[in-house]
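Colleague:
Protein chains: 4
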Amino acid sequence: MTKLKMGMVGGGTGSFIGDVHRKAASIDGMVDLVCGAFSSGKEKSLASGKELGIPNERVYGSFEEMILEEAKLSEEERMDFVSIVTPNHMHFPPAKMALEQGFHVICDKPLSLTLEEAVELEKVVASTGKIFALTHNYTGYPMVKQAKAMIAKGDLGTIRKINAHYLQGWLSTSVEKTGQKQAAWRVDPKRSGIGGALGDIGTHAENLIEYITDIKIEALAADLTAFGEGRSLDDDGNILVRFENGAKGIISFSQIATGEENNLGVKIYGTKGSVEWYQENPNQLIVKWLDQPKQIYTPGGNGTYPESSDYVRIPAGHPEGYLEGFATIYRSFAKEVLAFKNGNSISDQLDFPTVADGVRGMKFIYAAVESSSNNAAWVTL
Amino acid sequence: MTKLKMGMVGGGTGSFIGDVHRKAASIDGMVDLVCGAFSSGKEKSLASGKELGIPNERVYGSFEEMILEEAKLSEEERMDFVSIVTPNHMHFPPAKMALEQGFHVICDKPLSLTLEEAVELEKVVASTGKIFALTHNYTGYPMVKQAKAMIAKGDLGTIRKINAHYLQGWLSTSVEKTGQKQAAWRVDPKRSGIGGALGDIGTHAENLIEYITDIKIEALAADLTAFGEGRSLDDDGNILVRFENGAKGIISFSQIATGEENNLGVKIYGTKGSVEWYQENPNQLIVKWLDQPKQIYTPGGNGTYPESSDYVRIPAGHPEGYLEGFATIYRSFAKEVLAFKNGNSISDQLDFPTVADGVRGMKFIYAAVESSSNNAAWVTL
Amino acid sequence: MTKLKMGMVGGGTGSFIGDVHRKAASIDGMVDLVCGAFSSGKEKSLASGKELGIPNERVYGSFEEMILEEAKLSEEERMDFVSIVTPNHMHFPPAKMALEQGFHVICDKPLSLTLEEAVELEKVVASTGKIFALTHNYTGYPMVKQAKAMIAKGDLGTIRKINAHYLQGWLSTSVEKTGQKQAAWRVDPKRSGIGGALGDIGTHAENLIEYITDIKIEALAADLTAFGEGRSLDDDGNILVRFENGAKGIISFSQIATGEENNLGVKIYGTKGSVEWYQENPNQLIVKWLDQPKQIYTPGGNGTYPESSDYVRIPAGHPEGYLEGFATIYRSFAKEVLAFKNGNSISDQLDFPTVADGVRGMKFIYAAVESSSNNAAWVTL
Amino acid sequence: MTKLKMGMVGGGTGSFIGDVHRKAASIDGMVDLVCGAFSSGKEKSLASGKELGIPNERVYGSFEEMILEEAKLSEEERMDFVSIVTPNHMHFPPAKMALEQGFHVICDKPLSLTLEEAVELEKVVASTGKIFALTHNYTGYPMVKQAKAMIAKGDLGTIRKINAHYLQGWLSTSVEKTGQKQAAWRVDPKRSGIGGALGDIGTHAENLIEYITDIKIEALAADLTAFGEGRSLDDDGNILVRFENGAKGIISFSQIATGEENNLGVKIYGTKGSVEWYQENPNQLIVKWLDQPKQIYTPGGNGTYPESSDYVRIPAGHPEGYLEGFATIYRSFAKEVLAFKNGNSISDQLDFPTVADGVRGMKFIYAAVESSSNNAAWVTL
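These protein sequence lines map, in sequence, to chains A, B, C and D. At position 204 of the first sequence (counting the first as 1) the number is 204 in the UniProt record's numbering, and the numbers step up by one without a gap. At position 380 of the second sequence (counting the first as 1) the number is 380 in the UniProt record's numbering, and the numbers step up by one without a gap. At position 38 of the third sequence (counting the first as 1) the number is 38 in the UniProt record's numbering, and the numbers step up by one without a gap. At position 71 of the fourth sequence (counting the first as 1) the number is 71 in the UniProt record's numbering, and the numbers step up by one without a gap.
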């Protein structure tokens, strides 16, 4: 098996998500990082490149340079795909350019700064015929896939109630004023877009719900708040949700939920049973039944479907974590890219979040902001 | 210590809540059941009375009979207070009459069938000068009291986010059509009032929040649904909530949450820390801090305040349950009645839910129904 | 239903276990406390009696006085049974005398100060034909009964491994030197017998195992230690256990396990499945299977057997606790006493721990002490 | 940063632990697999090599061939270290040869087939001056390191009680007779040595205890059993343990604990507090105190020491798992190898399990087997 060659935009020294992408890409041994525009500015980029063991000639000062220069290399040598791990405002420009220059793209979420960009990008993906993945990484967890499979097979009956939350506390105080880089861009509309916590984590909750249930949000009524002093973007929100099939629910998210670390959770109730999953304890899926005792499923454990257990790397009882879930997105993307290189056409059912999911996410952000501006009036997606 | 004498309205054989009240009343040895109008109809009432060891002459065929006959007995002999454990539509009539005939009253929730009744009852309590308790029993749990004390002392800072849920699954199917008595009256507006699950369990969530935080709900936007075939009352609801102090939150409740037993929970976030409590595992309070590790408090355990530990009956590690929490309401009520009998005036700060809490609950029901009828428009309480 | 009349030995003001017995006896409304010798010394006993609402003429200065005086009363008036809640050295004398004077007895554990007493008491019970219950209260929990039923029905297959622990931390420091009464008698061989933590809590673990599995301990190898300065009795112990059916296991107990409250737990493995139960979270039974997902059973919840659900007082999801488990022993005892009063003969299968269980417990204590004295040599029971 | 070059012995297609080693080695981007003797026999080895993307000329038919051929390559080209992932009987031969030919070694546990081999290997490591790591991977978990740091700093006071368990159920039935390769060698003394579950998982428990507490086991009394039909090696064991500092405890392990997946856990009690950790939920450390509420620590979370948080790859709330803990061993080993290559001398305090730990493990196995053969007589290590 020849490894795929990855070029990275962003992810310089000290970046949180860049390092996550690199580790996720390397776990399954299918991807090598070969080049990067890790920071804006050649010097900083070179420093990062050195630390990562990338030869200087493959370290670039800008994504434009990287894409143009790499395109000049032989097919054997040049990168196969671009991984974009920059703040939101820098998703669209490199993604569009890379696709148009013939590279596949894997990009962090949310898809873009604006909905317009998202819609345009969807067209670019279609017109270029390249592969595009969005790292809604939580869909990579085996227990999330087990929940999805159980619902798809009808085990839970008709879904009627869906509650999700994504609660963090790291913006409880004004950390953005202390020079914390991660906080600084997230509270800045120029780099984050019109959603704050909404875009950063609310979209994960939205995506997780639609991924697991395969039911679309039809309308929402959102109450967004910026609790942090001087913040213009929301750091907290509560949303009533109505689904296309008549189900109802709630999404509550926050980055001022003091003491919470990364508490993403979802509870989904059907007519026959329900599932419950929490990201901080990802290796169990709680299943409650109308007339049977509660069950706890574990990755690769008794009773799991192949749709889930096929994604488990180690035997039951050996916990996998955030990086492995993330790596599953990379692995599925890499398999698709490999197949593409081998001349296969792109699958109808891509096994990772796509640009369409990204557009959904942007619509969710826009609908929630519009609703909240109108005192939580209902807005259809 | 002489025991107080209790008369009961409702709670005939097979009643769930009547038996709960009796057990709760007896745990601390302060109350004896001496008479009752357990069912409508003398014969059925007598049968229940016999099972409960009540002499036939103290078993009555109607609450009117009981109140009038008991009032004729000597002070030594007659009941001290009335416990009302009937369906909602039968709360107000016996409560009003008992108070007016000179008896103290402890009554199941919600307070009444209509808001009008609630408002009138509040006046009756005031004018008669008798003691009235409402059994929002979940406020009797020691860990709920610990949460309340921590917030009152400012340990958590300013409260900003409050999420509560009360999820049951027992109405997931149409059990009311199978002759299940508990279900039958709860889905019947004539006996339940305008709220279904809203009144039955939603009010518990509302009361729990206001009790713990001492912050009032200012406005709400409710999306109520009757999922069950042929039901006219809600069996599910999601509510956006705004609090008087600027906090925001969500209340989600359901009786069609398949597989849930009695999952009442609350998460409250302040600027310094947060608390989390679940009724099905009531002997732990999860406390998360801005800058300290997460803590788990237990009843009577290390670090608990007297405001909580004073209510614990047995050493830490010996779990107390639903009946004990319920019993705490009875005990506090009984202490107040005893003090009253000894000539003391009624406390300013009653240590149990009062008629005022009951009025709040009815306003909550009415506001939620009004909001939901207007497509989840905001309604102030 | 006429209530049974209970006389109490011990349990004066400030007693932990006396109050537990009284609350447990009263929950189900079958028992009234009518008399007592609550403390040694008339004056102290009278003070306790007053607090408990017992008329002075039924408060006695010694158990001998109580038994003799009550025996003189008419059958209608006199106590039906004696509840013994004193330290260990005061179990045998009142138990024997009460039985011989025609009273039934319910007694705290362990059965007696010495094995000799235990063996003699067993004979007294047999010869007097009275009913004797020992309050190994943990057997009253519904989930313990569910585990027992599952094993009895063969659901778990052949039992091969049994691990139990009972861990407390309240003797981690020398509290007995601070005037703490509960500690003082427990570290005193004259009042506790030859076992310290072994007798106080180790016997609970032993009894729980034999109750759930119906398999007897055949031999043990015990390593007991007195960690507390100046203690002559063990405050910690680890025991290898072999069972009559070839199963093996471990019992570990401690009262110097710092930070533990009342952590009694048991794990039992059969060829087809296993059960796991923890007293501090008593309302769930964890069941793991050879080839099915893990299950969580709850009291009265889906899938529970009548052998368990018949003992649940309130619907699933409404937690019961320590007092309710304890009350179940009292209720079963009371039913047997009532049947006896009605002329029925005593059941073959008593639904509560008996004097025979008490003798087992004493043999366990003696075997463990003997083993430990011989450097953990094997001793058969 | 130049990556280190790894050669692998064992780990052919279908191997569980080989794949774990490869993934663990690659997560942090410090190691490349460059060659291997993946199976015995060239053909099978080549097939595995192909799947792993290793050029045919670097795939060998035996470890001897690999070591000799690689030694002939230039320093730039040849492997830096050997990773040994074979069954126990094939640890010693390649380890010894690799060390003597100038390669560093990282080896799966237990160290060797016999204690004699272990002792000899320790000498070889010393005489060759090469770096040797043993993959007791559970010591790589951040919460294990937090426990170790808390004890080292005296936070828990003097350690007095230590209980550990390692419970699996995968050998509950005779899977070794079904052609299951993993089971087949583990029940075979020729490939496993004198310990069955004892060597496979018991040694993990032993190592974990000594790692966390830095207190040595002084003596043990073991009761080992082979429950599985026809097995000559233990598949279950219970061990009384005495520690050099006077602490006491228990180790219970099993591979016939039906329904258990990989339940390794440890509880350690000091005079001031205690810690509790479970491998299946590795991202929390439960800490109980003499006089403070129970705490839950999380990787990188509030209150963690640098000795722990330095090993966390992603922010608190993003769970890490088994592979990351394993990767930490590889990373620490790789850092040491890099330093060695840069001319530094080997650290006094190696940050991974060493050959000395391996010798401890073998002594533990031998002592337990000897004890069990003598009916659980005490044996000193």
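Virtual Cβ for every residue (Gly too), placed ideally from N, Cα, C. Source: prediction; values computed, not measured.
Taking C-beta to C-beta, are Ser274/D and Lys288/D nearer than 7 angstroms?
Modeller: Yes, they are a contact pair.
Colleague: How far does the beta strand (DSSP E) with Glu261/C in it extend, from its first residue to its last?
Modeller: From DSSP, Glu261/C is part of no beta strand (DSSP E); its letter is neither H nor E.
Colleague: So what does DSSP say about Thr328/D, is it helix, strand or coil?
Modeller: Helix.
Colleague: Select from Ser371/A, Pro142/A, Leu224/A the residue whose C-alpha is nearest the C-alpha of Leu208/A.
Modeller: Of the listed residues, the one whose Cα sits closest to Leu208/A is Pro142/A.
Colleague: Looking at the unbroken beta strand (DSSP E) that takes in Met143/C, where does it start and where does it end?
Modeller: That residue, Met143/C, is in no beta strand (DSSP E); its alpha helix (DSSP H) goes 142 to 152.
Colleague: Classify Lys267/B as buried or exposed, calling it buried when 16 or more other Cβ atoms lie within 10 Å of its own Cβ.
Modeller: Lys267/B comes out buried.
Colleague: Gly36/B and Gly61/B: beta carbons closer than 7 angstroms?
Modeller: Their beta carbons are not under 7 angstroms apart, which means Gly36/B does not touch Gly61/B by this criterion.
Colleague: When you compare only the Cα positions, how much space is there between Lys123/D and Leu111/D?
Modeller: Approximately 13 angstroms between the Cα atoms of the pair.
Colleague: Taking the continuous alpha helix (DSSP H) assigned at Phe16/A, which residues delimit it?
Modeller: It spans 16 to 27 - the alpha helix (DSSP H) in which Phe16/A sits, taken as one unbroken run.
Colleague: Taking only runs that begin and end inside the UniProt domain "GFO/IDH/MocA-like oxidoreductase" (144 to 276) of chain A, name each unbroken alpha helix (DSSP H) of 4 or more residues, in chain order.
Modeller: Those alpha helix (DSSP H) runs which fall completely within the UniProt domain "GFO/IDH/MocA-like oxidoreductase" (144 to 276) of chain A and span 4+ residues are 181 to 186, 189 to 192, 203 to 213.
Colleague: Taking buried to mean at least 16 other C-beta atoms within 10 Å of its own C-beta, is Pro306/C buried or exposed?
Modeller: Flag for Pro306/C reads exposed.
Colleague: Per DSSP, what kind of secondary structure is Ser89/A in: helix, strand or coil?
Modeller: According to the sequence as given, residue 89/A is His; it is not Ser. Note: His89/A maps to helix in three-state DSSP.
Colleague: Going by the CB atoms, is the gap between Thr86/A and Val175/A shorter than 7 angstroms?
Modeller: Not in contact: Val175/A and Thr86/A (Cβ atoms no closer than 7 angstroms).
Colleague: How is Leu323/B classed by DSSP in three states: helix, strand or coil?
Modeller: In this structure, Leu323/B counts as helix in the three-state DSSP scheme.
Colleague: Near Ile194/D, which residues of its chain fall below 6 angstroms by C-beta distance, leaving aside the five closest residues on each side in sequence?
Modeller: Result list for Ile194/D: Val369, in chain order.
Colleague: For Tyr297/B, return the contacting residues in chain D, with the cut-off set at a CB-CB distance below 9 angstroms.
Modeller: Simply Pro293, Lys294.
Colleague: According to DSSP, is Ser83/A helix, strand or coil?
Modeller: Ser83/A falls in the strand class under three-state DSSP.
Colleague: Looking at the structure shown, is Ile286/D part of a helix, part of a strand, or coil, going by DSSP?
Modeller: Strand at Ile286/D.
Colleague: Using a Cβ distance threshold of 8 angstroms, determine whether the stretch 197 to 207 of chain C contacts the stretch 97 to 111 of chain C, with at least three qualifying pairs required.
Modeller: Enough Cβ pairs lie closer than 8 angstroms, so yes.
Colleague: Compute the Euclidean distance between the alpha carbons of Ala98/B and Glu43/B, then round it to the nearest angstrom.
Modeller: C-alpha separation (whole angstroms): 23 angstroms.
Colleague: Alpha carbon to alpha carbon, what distance is there between Lys216/B and Gly300/A?
Modeller: For Gly300/A and Lys216/B, the distance between alpha carbons rounds to 47 angstroms.
Colleague: Beta-carbon within less than 8 angstroms of Gly18/B's beta-carbon, same chain only, minus the 5 sequence neighbours each way: which residues are those?
Modeller: Only Met8, Gly10, Gly11, Gly12, Phe38, Val85 meet the Cβ criterion.
Colleague: How do the stretch 116 to 136 of chain D and the stretch 325 to 339 of chain D stand: do at least 3 beta-carbon pairs fall below 8 angstroms, yes or no?
Modeller: Yes: at least three Cβ pairs fall under 8 angstroms.
Colleague: Less than 8 angstroms between the CB atoms is what I'm expecting for Lys190/C and His91/C, so what's the real figure, rounded?
Modeller: Lys190/C to His91/C, Cβ: 14 angstroms. No contact.
Colleague: Using only CA atoms, which one of Asn262/D, Lys177/D, Lys161/D, Asp214/D lies nearest to Ala152/D?
Modeller: Taking only the C-alpha atoms, the option nearest Ala152/D is Asp214/D.
Colleague: If you run the structure through DSSP and keep just helix, strand and coil, what is Phe103/D?
Modeller: The answer is coil: DSSP assigns Phe103/D none of H, G, I, E or B.
Colleague: Starting from Asn342/C, find everything on chain A with Cβ-Cβ shorter than 7 angstroms and list it in chain order.
Modeller: Chain A residues near Asn342/C: none, gap ~38 angstroms exceeds 7 angstroms.
Colleague: Does DSSP put Ile346/C in a helix, in a strand, or in coil?
Modeller: Ile346/C: coil per DSSP, three-state reduction.
Colleague: Run the CB neighbour count on Leu171/D, radius 10 Å, all protein chains shown included, and call it buried at 16 or more, exposed below.
Modeller: Label assigned to Leu171/D: buried.
Colleague: With a CB to CB cut of under 6 angstroms and the five nearest residues on each side skipped, what residues in its chain are close to Pro319/C?
Modeller: Taken in chain order, the residues that qualify are Asn283.
Colleague: Compare the C-beta of Asn88/A against all C-beta atoms of chain C and say whether one is closer than 7 angstroms.
Modeller: No, no contact with chain C.
Colleague: Does the Cβ-Cβ distance between Tyr166/C and Phe243/C come in under 7 angstroms?
Modeller: Result no, Cβ atoms of Tyr166/C and Phe243/C do not sit closer than 7 angstroms.
Colleague: Could you tell me whether any Cβ in chain D is nearer than 7 angstroms to the Cβ of Gly303/B?
Modeller: With 7 angstroms as the cut-off, Gly303/B counts as an interface residue toward chain D.
Colleague: Give the DSSP-derived three-state secondary structure of Thr114/C in the structure shown.
Modeller: Residue state, collapsed to three classes: coil.
Colleague: CB Tyr297/B to CB Gln146/B, shorter than 7 angstroms?
Modeller: Yes, they are a contact pair.
Colleague: Using CA coordinates, which residue listed in Phe16/B, Ser15/B, Gly29/B is at the minimum distance from Lys5/B?
Modeller: The shortest Cα separation from Lys5/B among Phe16/B, Ser15/B, Gly29/B belongs to Gly29/B.
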